[in-house]
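Line order of the protein sequences matches chains A and B. In terms of the working numbering, the first sequence opens at residue 352 and continues consecutively. In terms of the working numbering, the second sequence opens at residue 670 and continues consecutively. Think of the CB as a built atom: it goes at the ideal place given N, C-alpha and C, for glycine as much as any other residue. In this text, all values refer to a predicted model and were calculated from it rather than measured experimentally. Have a look at the structure below before the remarks.
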Amino acid sequence: DVKVTQSSRYLVKRTGEKVFLECVQDMDHENMFWYRQDPGLGLRLIYFSYDVKMKEKGDIPEGYSVSREKKERFSLILESASTNQTSMYLCASSFQGRATNEKLFFGSGTQLSVL
Amino acid sequence: QQPVQSPQAVILREGEDAVINCSSSKALYSVHWYRQKHGEAPVFLMILLKGGEQKGHDKISASFNEKKQQSSLYLTASQLSYSGTYFCGTEGEEGYGQNFVFGPGTRLSVLP
């Protein structure tokens with residue numbers, strides 16, 4: 352079975368803290384993505400990566416950064432967490448390149464609460 | 670630009686049919702459909718490419734009308750397991766993953 356694993360299911364942090372969300376995939380996929388999910392807004396793309404050490408901004412990158420040092424691992428970093436970053440964060444991966452017919456495999460998500 | 674999904678929510682009895690629509694203001698290359706059950710990861714259902722194709726498996730099928738820039742997901746004889754939130758994702762006409770964006774979702778509840 353293919354798997355995208357997110358390190359934490361629930362996370363509670365304080366405003367101003369630095370937060371790391373980790374994602375690991377075991378499918379040797381080249382592409383990895385971080386989405387944020389909010390009620391009524393669907394899934395919005397924060398950052399994505401097509402290769403190791405490569406990253407591109409998505410639709411809502413402000414306040415976030417990412418790191419991809421190894422092919423299987425993609426980290427989302429909140430440099431200084433704020434309450435408006437309270438959300439469900441979903442990691443996803445897909446096979447390779449920018450092909451149009453690549454389906455996404457999602458992790459189960461991390462519900463982050465910033466107090 | 671995010672596609673529009675309608676309806677926002679729908680409640681059905683087991684065995685009833687449902688249609689979920691996804692429309693975009695821009696030309697599309699493909700439409701993707703995903704289902705997310707409560708507390709779980711979104712799961713891929715199908716991709717439709719421009720050319721006006723229709724796809725389906727089991728009792729879930731979809732159509733894509735690129736001239737109208739819209740897609741419809743058809744759920745026939747709904748089962749309890751169909752409950753969840755359905756998301757469409759649209760890709761710009763350039764293809765290659767350009768401007769891929771998800772819609773806000775349609776919540777489907779199937780009651781016994």
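Around E722/B, no beta-carbon contact reaches into chain A at under 8 angstroms, the shortest distance being about 12 angstroms. Here F399/A has N382, M383, F384, W385, K406, E407, G409 as same chain residues with Cβ atoms under 8 angstroms from its own Cβ, once five neighbours each way along the sequence are excluded. At a beta-carbon threshold of 7 angstroms, none of the residues of chain A lie near G725/B; the nearest stands roughly 16 angstroms away.
Just measuring C-alpha positions, the residue of Y703/B, E735/B, P711/B, P676/B sitting nearest G458/A is P711/B.
Taking a cut-off of 8 angstroms on C-beta distances, the stretch 411-427 of chain A does not touch the stretch 697-704 of chain B, as fewer than three cross pairs fall below it. Taking the Cα of E453/A as reference, the smallest distance to any Cα among T754/B, G774/B, L718/B is reached at L718/B. About 5 angstroms separates the Cβ atoms of L749/B and V779/B, confirming a contact at the 8 angstroms cut-off. Burial is judged here by how many other beta carbons sit within 10 angstroms of a residue's own beta carbon; L466/A has fewer than 16 and is exposed. If you draw a straight line from the Cα of S431/A to the Cα of E368/A, it comes to about 5 angstroms.
Between I689/B and V679/B, the gap from beta carbon to beta carbon is short of 9 angstroms.
Contact between T754/B and Q705/B is confirmed by a C-beta separation of about 5 angstroms, below the 8 angstroms threshold.
Residue contact check for Q671/B against chain A: a CB pair falls below 9 angstroms. Taking all protein chains shown into account, F371/A has fewer than 16 neighbouring C-beta atoms within 10 Å of its C-beta and is therefore exposed. DSSP, read as helix, strand or coil, puts Y751/B in helix. Using beta-carbon distances, L394/A counts as an interface residue toward chain B, with a partner under 9 angstroms.
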